[in-house]
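Trainee:
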Amino acid sequence: MNRRTFDARTGAISACLGLFAAVVGVVASPPSSADDSGPAIGMPAPPFLAMASDGDVIDSSAYRGEIVVLEWTNHECPYTQKHYDAGAMQALQKDATENDVAWFSVISSAPGEQGFVDGDQADELTESRGAEPTAVILDPAGALGRSYGATTTPHMFIIDAEGTLVYKGAIDDNPSSRGDPAQARNYVREALTQLENGEKVTTASTQPYGCSVKYDK
Amino acid sequence: MLKDRRLFVGARRVALVIVAGFLAIVLPAHAEVKQPVFDQSPIARAALVSNVATIKPGTPFRVALRLVMPAGWHTYWRNPGESGAPTTVRWLLPDGFTAGQIVWPAPERIVFHDVVNFGYHDEVWLFVDIVPPNDLRPGTDVRLMADAEWAVCRDVCVPEVATLTLWMDVGGDGSATAPWAAAFDAEARSLPAAAPATLSVDEGHVTLDVDVSGLDVPVDGEPFFFAAPFGVIEPGASQRWSRSGDTVSVIAKRPASGTLPSDGRVAGVVVFQTEADRQAFAVDAPIENKGSAL
Chain A
0 MNRRTFDART
10 GAISACLGLF
20 AAVVGVVASP
30 PSSADDSGPA
40 IGMPAPPFLA
50 MASDGDVIDS
60 SAYRGEIVVL
70 EWTNHECPYT
80 QKHYDAGAMQ
90 ALQKDATEND
100 VAWFSVISSA
110 PGEQGFVDGD
120 QADELTESRG
130 AEPTAVILDP
140 AGALGRSYGA
150 TTTPHMFIID
160 AEGTLVYKGA
170 IDDNPSSRGD
180 PAQARNYVRE
190 ALTQLENGEK
200 VTTASTQPYG
210 CSVKYDK
Chain B
0 MLKDRRLFVG
10 ARRVALVIVA
20 GFLAIVLPAH
30 AEVKQPVFDQ
40 SPIARAALVS
50 NVATIKPGTP
60 FRVALRLVMP
70 AGWHTYWRNP
80 GESGAPTTVR
90 WLLPDGFTAG
100 QIVWPAPERI
110 VFHDVVNFGY
120 HDEVWLFVDI
130 VPPNDLRPGT
140 DVRLMADAEW
150 AVCRDVCVPE
160 VATLTLWMDV
170 GGDGSATAPW
180 AAAFDAEARS
190 LPAAAPATLS
200 VDEGHVTLDV
210 DVSGLDVPVD
220 GEPFFFAAPF
230 GVIEPGASQR
240 WSRSGDTVSV
250 IAKRPASGTL
260 PSDGRVAGVV
270 VFQTEADRQA
280 FAVDAPIENK
290 GSAL
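Line order of the protein sequences matches chains A and B.
Per numbering that gives the first Met the number 0, the first sequence starts with residue 0, numbered consecutively.
Per numbering that gives the first Met the number 0, the second sequence starts with residue 0, numbered consecutively.
1) Determine the burial state of B/Arg239: buried for a count of at least 16 other Cβ atoms within 10 Å of its Cβ, exposed for fewer.
2) Measure how close the beta-carbons of B/Glu122 and B/Leu163 come, nearest whole angstrom, since I'm counting them as under 8 Å.
3) State the start and end residues of the unbroken beta strand (DSSP E) segment that holds B/Arg277.
4) In three-state DSSP terms, what is A/His74?
5) From the beta carbon of A/Arg177, is the nearest beta carbon of chain B less than 8 Å away?
6) Is B/Phe225 helix, strand or coil by DSSP?
7) Can you name the residues that DSSP bridges to B/Phe96?
8) Nearest to A/Arg63 by alpha carbon, out of A/Val105, A/Phe156, A/Gln120, A/Val100?
9) Nearest-angstrom Cα distance between B/Glu107 and B/Arg136?
10) Would you please verify whether the beta carbon of A/Lys199 is less than 8 Å from any beta carbon of chain C?
11) B/Pro285 to B/Val211, Cα distance in whole Å?
12) Restricting to Cα atoms, I'd like to know which of B/Val51, B/Ile101, B/Thr246 is closest to B/Asp172.
13) If I follow the unbroken beta strand (DSSP E) through A/Arg128, where does it start and stop?
14) Terminal residues of the continuous alpha helix (DSSP H) containing A/Ser146?
15) With 8 Å as the threshold, decide whether the Cβ of A/Gln92 is near any Cβ in chain B.
16) Taking buried to mean at least 16 other C-beta atoms within 10 Å of its own C-beta, is A/Ser176 buried or exposed?
17) With a threshold of 6 Å on Cβ separation, who are the neighbours of B/Gly126 within its own chain once the five nearest residues in sequence on each side are excluded?
18) Give me, in chain order, the residues of the same chain whose beta-carbon lies closer than 6 Å to that of B/Asp146; leave out the 5 immediate sequence neighbours on both sides.
19) Cutting at 6 Å between CB atoms, please list the residues of its own chain near A/Asn185, excluding the five before and the five after it.
20) Taking the beta strand (DSSP E) that A/Leu218 belongs to, which residues open and close that run?
21) Indicate whether at least one CB of chain A lies closer than 8 Å to the CB of B/Ala281.
22) Name, going along the chain, the residues of the region 253 to 268 of chain B whose beta-carbon falls closer than 7 Å to a beta-carbon of chain A.
23) For A/Glu97, name the three-state secondary structure that DSSP assigns.
24) Output, in sequence order along the chain, the residues in the region 72 to 95 of chain B whose CB is closer than 9 Å to any CB in chain A.
25) Would a C-beta distance cut-off of 8 Å place B/Ser49 and B/Met167 closer than the cut-off?
26) In its own chain, which residues sit with a C-beta less than 6 Å from the C-beta of B/Ala141, not counting the 5 before and 5 after it?
27) To the nearest angstrom, how far is the alpha carbon of B/Val130 from that of B/Tyr119?
28) Could you check the C-alpha separation between A/Thr163 and A/Tyr147 for me, to the nearest Å?
29) Listed from N- to C-terminal order along the chain, which residues in the region 139 to 163 of chain B have their beta-carbon within a distance smaller than 8 Å of any beta-carbon of chain A?
30) According to DSSP, is B/Glu186 part of a helix, a strand, or is it coil?
31) Could you name the residues of chain B that A/Tyr214 contacts, counting a contact when the two beta carbons are closer than 8 Å?
32) Going by other Cβ atoms of all chains shown within 10 Å of its Cβ, with 16 needed for buried, is B/Asp134 buried or exposed?
33) What number of angstroms, rounded off, separates the C-alpha of A/Lys199 from the C-alpha of A/Trp71?
34) Of all the CB atoms in chain A, is at least one closer than 8 Å to the CB of B/Phe271?
35) Is the distance from the Cβ of B/Asp128 to the Cβ of B/Gly83 below 8 Å?
36) Which first and last residues belong to the beta strand (DSSP E) in which A/His154 is found?
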């Protein structure tokens with residue numbers, strides 16, 4: 000799976016959060032608030048420009064024609080750790096990306112908050128955990144998270160090839176820190192299988208569980 | 000990364016036992032695991048208590064999972080809202096015993112950063128009715144065990160697990176009170192009483208109509224409807240209300256891509272809050288216009 004970037008990597012951008020905030024943001028999506036749980040299933044998913052851990056800028060419009068998974072993550076959240084410690088999240092990432100699904104792990108923890116990492120730390124986490132996302136998106140200002148109404152880690156979103164939001168919610172049906180993820184009903188795997196078979200996603204919205212996303216206060 | 004993994008293992012291995020008769024402080028089973036400062040589990044103290052000291056064969060009695068949280072921390076209601084996870088109890092009971100579902104006290108809204116949750120702070124008693132078999136022999140004792148799990152959160156979340164034990168004697172008429180019966184009964188009395196209500200639905204909102212005739216509802220109390228199933232109300236949205244005669248109508252925003260229970264009923268709690276008072280009522284509202292609205 001090749002990344003589509005609209006800009007060459009520049010050290011200046013990745014080094015400067017202020018510039019990052021000015022350059023990278025959410026495109027043309029409505030303002031979000033606590034009143035708003037984010038986009039609806041069956042509607043266009045909010046487009047975005049976002050910074051990857053290696054400094055590349057990811058343009059969601061470049062992924063039209065492909066299925067995109069957004070995974071909100073926080074490596075210090077026990078509910079996220081459950082899925083990585085078991086190898087389940089990595090296996091799902093691998094299966095998805097091998098089937099030409101673009102998988103973006105998104106970190107919306109603000110600086111100073113639990114789970115906040117810089118690009119190098121994010122890459123180290125990917126390597127040490129054997130994770131296989133297409134890219135890790137750094138969202139310390141929370142713009143991407145708020146535009147999707149992401150509230151938990153993990154919190155999962157799937158966008159189909161037409162750019163339509165087709166799933167949002169939990170990773171699986173076991174809202175617990177315990178249990179083997181392989182034994183749970185994984186809603187994302189189920190939805191991706193249905194999409195790959197040209198079917199409609201039957202369970203499109205579920206209640207996410209886990210730690211709250213550590214947005215800036 | 001290693002440190003983080005140890006942290007998680009530490010949190011998961013808080014397998015604990017409380018002996019009947021003590022509202023004991025719970026000690027971690029793996030104290031040798033080094034943990035960062037925010038994860039000095041257990042954060043919430045847990046105990047299994049009953050208000051009666053002895054069991055009468057065949058006569059139902061009530062127990063409670065009592066969770067005591069440090070200041071600033073919270074645990075979750077059956078619908079935790081936008082994040083978190085509900086407290087769960089799996090019972091390990093002697094043959095012939097059955098346990099009901101958790102009877103939940105009224106929750107409150109808890110807002111952290113942008114995320115709105117439904118839950119409890121300081122302390123919560125989660126009640127469960129237990130039915131013992133008829134053939135218990137007086138003079139024996141029985142062991143009730145509960146495998147409880149809860150998420151306790153402030154700016155960070157910690158899942159905690161405890162295996163709690165309550166020993167009870169069989170005998171007497173089941174009315175002998177336990178030492179903590181007064182606190183138990185006070186908490187039980189504050190459980191929301193049932194109120195008749197119906198729910199109507201349009202594309203963007205649900206309206207809960209509560210019949211408050213005969214209910215002790217504060218006139219100036221501002222209601223908030225906590226719907227138990229996921230997908231009925233937007234947890235973070237403000238709600239509107241009006242009163243006409245004996246009917247209080249609470250109008251709540253539905254979430255994008257909201258769902259409604261397939262059995263056509265929405266359970267929940269409506270809380271009337273004034274500056275000085277808080278009255279909560281349990282509702283189990285049939286959806287009146289299910290066919291037309293959906």
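In this text, a Cβ means the ideal position worked out from N, Cα and C, and glycines have one as well.
Mentor: To lay it out plainly:
1) exposed
2) Their Cβ separation, rounded to whole angstroms, is 16 Å, which puts B/Glu122 and B/Leu163 out of contact at 8 Å.
3) 277 to 285
4) coil
5) yes
6) strand
7) Answer is none; B/Phe96 lacks a bridge partner.
8) A/Val100
9) 43 Å
10) This model lacks chain C altogether; the protein chains it does include are A and B.
11) 17 Å
12) B/Val51
13) Premise fails: A/Arg128 lies in the alpha helix (DSSP H), 118 to 128, not in any beta strand (DSSP E).
14) 142 to 147
15) no
16) buried
17) In the sequence under discussion, the amino acid at residue 126 of chain B is Phe, which differs from the Gly named in the question. The residues are Arg61, Ala63, Val102.
18) Arg89, Thr162
19) Asp171
20) What is shown of chain A runs 0 to 216, which leaves residue 218 of chain A out entirely.
21) no
22) Pro254, Ala255, Ser256, Thr258
23) helix
24) Asn78, Pro79, Gly80, Glu81, Ser82, Gly83, Ala84, Pro85, Thr87
25) yes
26) Note that residue 141 of chain B is Val in the sequence shown, not Ala. Cβ neighbours of B/Val141 beyond the five flanking positions: Pro93, Met167.
27) 27 Å
28) 13 Å
29) Glu148, Ala150, Cys152, Asp154, Val155, Cys156, Val157, Pro158, Val160
30) helix
31) His112, Asp113, Val114
32) exposed
33) 23 Å
34) no
35) no
36) 154 to 158
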